[in-house]
Amino acid sequence: MLERLQDSFAKITKTLVGKSKITDKNIEEAIEEIKSALLEADVNLRVARRFINATAEEARGEKVLKAIDPGQQFVKIIYDKMVHLLGDERSELALRGPDVTSTILFLGLQGSGKTTNAAKLALHLKNQGRRVLLCAADLSRPAAVKQLEILGEQVGVPVFTGEHQDPISRAKAAVQEAKKHQYNVLIIDTAGRMQVDTDLMTEIKAISDAVNPDEKILVADAMLGQNAVDVAKSFDEAVEITGFILSKFDSDTRGGAALSLKSITGKPIKFIGTGEKVEALEIFHPERIASRILGMGDIVSLVEKAQETVDEEEARRMQQKLFSSDFSLEDYLEQIRMVKKMGKAGELAKLLPGVSAKDIEEKLDEKQMVREEAIILSMTKKERKNLLILNPSRRKRVAKGAGVNVVEVNRFINRFEKMKIQMKKVMKNKAYQAQLAKSLKG
Ligand SMILES: Nc1nc2c(ncn2[C@@H]2O[C@H](COP(=O)(O)OP(=O)(O)OP(=O)(O)O)[C@@H](O)[C@H]2O)c(=O)[nH]1
Ligand SMILES: [Mg+2]
1 MLERLQDSFA KITKTLVGKS KITDKNIEEA IEEIKSALLE ADVNLRVARR
51 FINATAEEAR GEKVLKAIDP GQQFVKIIYD KMVHLLGDER SELALRGPDV
101 TSTILFLGLQ GSGKTTNAAK LALHLKNQGR RVLLCAADLS RPAAVKQLEI
151 LGEQVGVPVF TGEHQDPISR AKAAVQEAKK HQYNVLIIDT AGRMQVDTDL
201 MTEIKAISDA VNPDEKILVA DAMLGQNAVD VAKSFDEAVE ITGFILSKFD
251 SDTRGGAALS LKSITGKPIK FIGTGEKVEA LEIFHPERIA SRILGMGDIV
301 SLVEKAQETV DEEEARRMQQ KLFSSDFSLE DYLEQIRMVK KMGKAGELAK
351 LLPGVSAKDI EEKLDEKQMV REEAIILSMT KKERKNLLIL NPSRRKRVAK
401 GAGVNVVEVN RFINRFEKMK IQMKKVMKNK AYQAQLAKSL KG
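Under UniProt numbering, the sequence shown has 168 at position 168, and the numbering climbs by one with no breaks.
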């Protein structure tokens, strides 16, 4: 969903990084561009102003003007401010110890994605080894309970309905049930309304008072843009939410909601919903999203995703390789196969360093992967390790073996070399090194 922002910021950072000298005028210009990029992305005006003021102030400081690499310094400042805007650190759910039941209340407007994301979160927590119970406390329409029951079955998590026919008593009964059977987490799905109104707020408040939840998660629809922020404010004033799930992050919207929510409400985004499937929930990492926006790619997210589907050992080995300077075609072949195993190349391509939103389709479409695989397989092991020996006659042979023409082989080799250079650049970034070191330890 951040494509537009990415495109604007890619332009801004590109102009900056190459500069060996940064003047006040450069700063002014960049700041102007950042401002329009943010506003165009539907970021709240106040938030945008605060962002550019903080960025400009720091950029005008000695550090940038006197730095050996002033352009990069400047980009680093933008990155830091962006991370801050998104909430600094990843914010975990405040769950209690294993022997106490934690309660999570789901709130939000109609159709925001409460029910779907309740099931997604149930699955996420279950995968961490917790015992989860879902409660269907949306009694505004009969189909709502059924929907949760179907989803519950899909993720293998029981759904409590009980005898009560009003949401408050039902939610209370669910807490009793969860305690009695020693569930670690109870997730309560509630009814939504078309818009924020007194009835909705009174009901939500009553449920909240009755069960005293550890987390009050507002499911905010990213497609609402600015409105999502207004909705968030109303809910927060009524029940003091503890955080957000930003749903429909996969949609084609401008990203303003993601960038404004924390700043306006002071409450963190904890997860993003990235699709309709029950697996489509991701932890919200401010650093990674900021890197994505600024076009640094997101290798760590990619690797994490890989770990879920691919054998962990295999993924870790690949992770080490990815960053070593002798990353070869042999490794790339392995990577292609891993990506294929993970499915949806398009989605994963977004996480690769230096791949702009526009390139995604052509860079990693499945058909291309098949061709690339064929090209690599037509090379000898020696060639895969050292592309320098691939002279024209060898390239001809490889092309023939792969059933493509030589131009395509040349293009592929070019692409691969570029990718290696991009990876090296990413590796020079300090924030990335720290993040990577952390994830490699884990
Ligand atoms: N693309 C996409 N669709 C989503 C996401 N989350 C939810 N949806 C879809 O949004 C629609 C509404 O989701 P629900 O979970 O039923 O929303 P709700 O808030 O429970 O709605 P009510 O119970 O009517 O208030 C469904 O079609 C979901 O599949 C997401 O992260 N991405
Ligand atoms: Mg629902």
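Idealized CB from N, CA, C, for every residue including glycine.
heavy atom of ligand 1 below 7 Å from residue i C-beta
i           : result
residue 276 : yes
residue 51  : no
residue 144 : yes
residue 220 : no
residue 10  : no
residue 249 : yes
residue 112 : yes
residue 273 : yes
residue 108 : yes
residue 228 : no
residue 147 : yes
residue 280 : yes
Boundaries of the alpha helix (DSSP H) in which residue i is found, first to last residue
i           : result
residue 94  : Unbroken run through residue 94: none, as it is neither H nor E.
residue 393 : 392-402
residue 388 : No alpha helix (DSSP H) contains residue 388, which DSSP labels as neither H nor E.
residue 177 : 167-180
residue 486 : The first residue shown for the chain is 1 and the last is 442, placing residue 486 beyond what the model contains.
residue 71  : 70-86
residue 259 : 256-265
Continuous beta strand (DSSP E) stretch holding residue i: start and end
i           : result
residue 136 : 132-137
residue 281 : 281-283
residue 270 : 269-273
Residue i - DSSP class collapsed to helix/strand/coil
i           : result
residue 157 : coil
residue 294 : coil
residue 224 : helix
residue 105 : strand
residue 190 : strand
residue 412 : helix
residue 126 : helix
residue 361 : In this predicted model, residue 361 has a pLDDT of only 49, less than 50, meaning its place in the structure is not dependable enough to derive any value.
residue 248 : coil
residue 306 : Reliability fails at residue 306, whose pLDDT of 45 lies under 50, so the model's placement of it is uncertain and the value that follows must be treated cautiously. Helix at residue 306.
residue 367 : helix
residue 240 : coil
residue 381 : helix
residue 218 : strand
residue 406 : helix
residue 345 : A caution first: residue 345 carries a pLDDT of 46, below 50, which makes its placement in the model too unreliable to give a value.
residue 100 : coil
residue 278 : coil
residue 301 : Confidence is the limiting factor: at residue 301 the pLDDT is only 49, short of 50, which leaves the residue's position unreliable and the question unanswerable from this model.
Cβ-Cβ separation, residue j to residue i (assumed contact under 8 Å), whole Å
i           : j           : result
residue 395 : residue 406 : 5 Å
residue 55  : residue 22  : At roughly 13 Å, the Cβ-Cβ gap does not stay under 8 Å, so residue 55 and residue 22 are not in contact.
residue 277 : residue 269 : With 8 Å as the limit, residue 277 and residue 269 do not qualify as a contact, their Cβ atoms being about 20 Å apart.
residue 156 : residue 114 : With a Cβ gap of about 20 Å, residue 156 and residue 114 do not count as contacting.
residue 238 : residue 220 : At roughly 15 Å, the Cβ-Cβ gap does not stay under 8 Å, so residue 238 and residue 220 are not in contact.
residue 139 : residue 187 : Incorrect: roughly 16 Å between the Cβ atoms, too far for contact.
residue 242 : residue 282 : The Cβ separation is near 19 Å, so there is no contact.
residue 228 : residue 249 : About 11 Å separates the two Cβ atoms, so there is no contact after all.
residue 384 : residue 334 : So it is not a contact: roughly 11 Å between Cβ atoms.
residue 259 : residue 41  : 7 Å
residue 409 : residue 375 : 6 Å
Residue i beta carbon near ligand 3 (any heavy atom closer than 7 Å)
i           : result
residue 404 : Of the ligands one can find in the structure shown, namely ligand 1 and ligand 2, none is ligand 3.
Proximity test, residue i beta-carbon vs ligand 2 heavy atom, cut-off 7 Å
i           : result
residue 115 : yes
residue 138 : yes
residue 192 : yes
residue 214 : no
residue 189 : yes
Complete runs of the alpha helix (DSSP H) confined to the stretch 11-64 [at least 4 residues]: Counting only runs of 4 or more, we get 24-40 and 45-59.
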